[in-house]
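One structure is given below, encoded as structure tokens.
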Amino acid sequence: MGLAGGTGGSRGGQRRRLGLCPGAARPVAGACHRGGAGVPVGSPAVAGQSTGAGPTSDHGGEGVSQAPRRVGIIGGGVAGLTAAYRLLQRGHEVHVFEAGDSWGGLVRTFDVGGGRLECFYHHIFTTDTTIVALLRELGLSPRLVWRDSKVGIYYQGRLYPFVTPIDLLRFTPVGLVDRVRLGLMGLYLRRQSDGQRFQSVTAREWVSRFAGERNWQVVWGPLFRGKFGDMGDQVSMIWLWNKVRLRFSSRRGGPLQKEVLGYLLGSFGLMVDELVARVRALGGHLHASTPVERVAVDDGRATGLRLASGTFVPCDAVVATVANRIFLRLVPELPEDYAALCQGIPYQDALCMVLALRRPLSRFYWLNISDRSFPFLALVEHTNFIGPENYGGHHVLYISNYLEKGHPYFAMSEEELWAEYRPYLALINPEFDDSWVVGRWVFRGSDAQPVFTVENAGKVPPHRAPITGLYLANMSQIFPEDRGQNYSIRLGEQVASLVAQDLASVSAYVI
215 MGLAGGTGGS
225 RGGQRRRLGL
235 CPGAARPVAG
245 ACHRGGAGVP
255 VGSPAVAGQS
265 TGAGPTSDHG
275 GEGVSQAPRR
285 VGIIGGGVAG
295 LTAAYRLLQR
305 GHEVHVFEAG
315 DSWGGLVRTF
325 DVGGGRLECF
335 YHHIFTTDTT
345 IVALLRELGL
355 SPRLVWRDSK
365 VGIYYQGRLY
375 PFVTPIDLLR
385 FTPVGLVDRV
395 RLGLMGLYLR
405 RQSDGQRFQS
415 VTAREWVSRF
425 AGERNWQVVW
435 GPLFRGKFGD
445 MGDQVSMIWL
455 WNKVRLRFSS
465 RRGGPLQKEV
475 LGYLLGSFGL
485 MVDELVARVR
495 ALGGHLHAST
505 PVERVAVDDG
515 RATGLRLASG
525 TFVPCDAVVA
535 TVANRIFLRL
545 VPELPEDYAA
555 LCQGIPYQDA
565 LCMVLALRRP
575 LSRFYWLNIS
585 DRSFPFLALV
595 EHTNFIGPEN
605 YGGHHVLYIS
615 NYLEKGHPYF
625 AMSEEELWAE
635 YRPYLALINP
645 EFDDSWVVGR
655 WVFRGSDAQP
665 VFTVENAGKV
675 PPHRAPITGL
685 YLANMSQIFP
695 EDRGQNYSIR
705 LGEQVASLVA
715 QDLASVSAYV
725 I
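Letter by letter, the sequence shown follows residues 215 to 725 in my numbering.
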């Protein structure tokens, strides 16, 4: 969910823009009996949008409910759009409210050299079956390509390839015995189908014990501290177990082969565009630049949404796809035990500087920085994965960071941040020069990475909040998976299924 402010205009004008003026639609459950400053129910199309001809499919095999209900969705990222799409396919009336001015959340895009590029780097794994199925459904499979990745590690002034067993054996910063132990650790984790045994131990403790302290200090420790900050040493081993299994599973021809990653030519923004188009075609209402101020709760039930503009939107169900801290602010009535689950999962914010270069910086797609004196975590050279011909011949480099809220880098201007980063690029490639830089952009993403420590691992808030008709679907609920588009889509589909089941189990009318 973005940070844009509220919209202006009269309340009546706002009601018309939202498609909430009186119309011929029948009353829906819970919408016709509420008092207060609600607006009448009706669902003519938002200006400039088609109402469509109704549902065209029944995803998941569930029947369409007997009477359509109104569902309000907070957040227009991938999870929110997916939930909207699935609920519309089941015949419900859906309104999606996004505080920002664009759709897709962390999958939003911008132009580089005439090509479309994500503001934050994206790829998928061969095991990401949910997104692959959705791309097929949306007719985008022909644009999905699979290519070998090139992964490396920077350590003490040298770049080391770090993909195959041969690369591992040549990784001299750790001794031969520890290299063998690190390889055996990967093979062992890959064969463990149940990660519960790793939940109550930190990654630091487990890796140090089974692969050696040197492997933690050189390989894993810098990455954990870079990704999770001061909480890196407390992160549960179950996170690393899942990460290792995922990376091994995405190898072509077995564990001894190179890792294979997928990308949607033209950017994953095409998927967002198609979801938006289908939501509109099915009669969904998309409200950008429309922040939600509060979820209305009456007698233990979610009754609608209060917008920042003051408009009240009655709803039979509310789905929040925002981060936990925002959810807690929107619903102060949440019971203490559920609120504690939400509060117990901290997040890191994302900071990405994107460079368009005349020349490649390195030969790697993904370069982990195992040196915490560097001001960033990793370098992702997108055009070592998807060719520069897609971006006007420019070489695209992401400079990636995950940082705690309030970190000084977030307050820096683009020029100030560049002054911090620039000297370290010359350490990666001594030939690097400012004349290489054609373009430079900075993007910030709040609450991008949930942190699962041994204290909160497995303590995840359920999708059904303890307020009737209220649901939560966000990245804190994908445990033990790591964040990614595949899981955002899965979250959206799961919560849509729950909402549809619950709405089908209650009476169609409340008098």
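All residues carry an ideal CB built from backbone N, CA and C; glycine is no exception.
Alpha-carbon spacing of residue i relative to residue j, whole angstroms
i    : j    : result
A592 : A495 : 40 Å
G290 : L349 : 18 Å
V509 : P622 : 33 Å
G237 : R300 : With a pLDDT of 32 at G237, under the threshold of 50, the modelled position of that residue is not reliable, and the figure given next carries that caveat. Cα to Cα, the separation comes out at about 24 Å.
P528 : G518 : 4 Å
W317 : L383 : 45 Å
L454 : F541 : 28 Å
Y369 : L611 : 19 Å
E488 : Q406 : 38 Å
G400 : A537 : 32 Å
P680 : E507 : 20 Å
P560 : F588 : 24 Å
A281 : Y701 : 30 Å
Q530 : D315 : Residue identity differs from the one stated: residue 530 is Asp in this sequence, not Gln. Between D530 and D315, the C-alpha separation is close to 26 Å.
W360 : E669 : 38 Å
D585 : V474 : 26 Å
L521 : P505 : 6 Å
V652 : E332 : 18 Å
G440 : G446 : 8 Å
I367 : P375 : 6 Å
F324 : R372 : 33 Å
V532 : A633 : 45 Å
S719 : R515 : 15 Å
D408 : K364 : 29 Å
R697 : L479 : 21 Å
P379 : L398 : 10 Å
N456 : L403 : 8 Å
L437 : L717 : 44 Å
L684 : T296 : 17 Å
A417 : V433 : 12 Å
Residues that DSSP places opposite residue i in a beta bridge
i    : result
Y374 : I367
P664 : Y561
F287 : The residue asked about is misnamed: residue 287 is Ile in this sequence, not Phe. Bridge partners of I287: V310 and V533.
G476 : I338 and W360
R539 : Looking at the DSSP assignment, R539 forms no beta bridge with any residue, so it has no partner.
R658 : L565
V610 : A570
Y616 : A564
R508 : R520
L593 : L581 and I613
Limits of the unbroken alpha helix (DSSP H) element including residue i
i    : result
V490 : G483 to A495
F424 : A417 to F424
G498 : Run containing G498: none; DSSP gives neither H nor E here.
R726 : The displayed coordinates of the chain run from 215 to 725. Any statement about residue 726 would go beyond what the structure contains.
I600 : Counting along the chain, I600 falls outside any alpha helix (DSSP H), and DSSP gives it neither H nor E.
A281 : Here A281 belongs to no alpha helix (DSSP H), and DSSP marks it neither H nor E.
D381 : P379 to L383
P622 : P622 to A625
G305 : Per DSSP, G305 belongs to no alpha helix (DSSP H) and is neither H nor E.
Terminal residues of the beta strand (DSSP E) in which residue i lies
i    : result
E629 : No beta strand (DSSP E) contains E629, which is instead part of the alpha helix (DSSP H) from E628 to I642.
R330 : G329 to E332
P528 : F526 to P528
Simplified DSSP assignment, three categories, for residue i
i    : result
E312 : coil
V394 : helix
S503 : coil
T517 : strand
T323 : strand
G446 : helix
Q317 : It should be pointed out that residue 317 corresponds to Trp in this sequence rather than to Gln. If DSSP states are grouped into helix, strand and coil, W317 belongs with coil.
L354 : coil
G653 : strand
L581 : strand
A671 : coil
V388 : coil
E645 : coil
Q413 : coil
F438 : helix
The ligand FAD heavy atom lying under 6 Å from the CB of residue i
i    : result
L479 : Absence of the ligand FAD is noted for the structure shown, with no ligands found whatsoever.
Closer than 7 Å to chain B by CB, residue i
i    : result
L684 : Within the model displayed, chain B is absent; a lone protein chain is all it includes.
Q) What residue ranges within the stretch 541–577 form continuous alpha helix (DSSP H) runs of no fewer than 4 residues, ordered along the chain? A) Within the stretch 541–577, the runs of alpha helix (DSSP H) that reach at least 4 residues and sit entirely inside it are, in chain order, 550–557.
Q) Which full runs of the alpha helix (DSSP H) of 4+ residues lie inside the stretch 678–723, going along the chain? A) Listed in chain order, they are 699–718.
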